[in-house]
Amino acid sequence: MGIAYYNTSMAFFGKTIDEITGGLNQPSREKVEATVFRHEFGHNLGLVNNGIPPQQESHHDEENGAHCTNEQCVMYYAIETTDFFSNVFDGTILTFEQFCTEDMAAQDGE
Numbered sequence: 015m016g017i018a019y020y021n022t023s024m025a026f027f028g029k030t031i032d033e034i035t036g037g038l039n040q041p042s043r044e045k046v047e048a049t050v051f052r053h054e055f056g057h058n059l060g061l062v063n064n065g066i067p068p069q070q071e072s073h074h075d076e077e078n079g080a081h082c083t084n085e086q087c088v089m090y091y092a093i094e095t096t097d098f099f100s101n102v103f104d105g106t107i108l109t110f111e112q113f114c115t116e117d118m119a120a121q122d123g124e
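Each step along the sequence shown adds one to the number in our numbering, with nothing skipped, and position 68 is 82.
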């Protein structure tokens, strides 16, 4: 749905996003776009061994590239779009979870 290029830019695949959003049983376009933007921005920041090595605990999903092993983290390799109740009633956008936020904090010296 999106791609990050080094730490400089991002591209989004609008047609793909259109195909998986907005219909019955599908999440809103806004929710998916916001999630994909946040995910690709994480790549631009260098998260999950993409410039910033995992500092606190190994959470690098080696089978799926520079992605987190935590399914609740926005840096997980997949966006779940099949949960009806979440898609229809929950507007929550995934965030960076513990290990990714700790990696960012370690780079800042905090």
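For glycine and all other residues, C-beta sits at the position ideal for the given N, C-alpha and C. In this text, all values refer to a predicted model and were calculated from it rather than measured experimentally.
Cβ-Cβ separation, residue j to residue i (assumed contact under 8 Å), whole Å
i	j	result
glutamate 47	isoleucine 31	6 Å
methionine 24	valine 62	About 16 Å; that fails the 8 Å criterion.
phenylalanine 51	cysteine 87	Between cysteine 87 and phenylalanine 51 the Cβ distance is about 15 Å, and since that is not below 8 Å, they are no contact.
Between the CA atoms of residue j and residue i - distance to the nearest angstrom
i	j	result
threonine 49	histidine 74	19 Å
serine 72	asparagine 84	11 Å
histidine 81	glutamine 112	14 Å
leucine 59	alanine 119	12 Å
threonine 115	alanine 92	19 Å
histidine 53	isoleucine 34	17 Å
Where residue i falls: helix, strand or coil (DSSP)
i	result
histidine 73	coil
glycine 28	helix
alanine 18	strand
threonine 109	strand
Per-residue burial, residue i [other beta carbons within 10 Å of its own, 16 or more giving buried]
i	result
asparagine 64	buried
leucine 38	exposed
proline 67	exposed
glycine 16	buried
Check: residue i C-beta below 7 Å from any heavy atom of the ligand SAH
i	result
glycine 37	Among the ligands in the structure shown, none appear at all, so the ligand SAH cannot be discussed.
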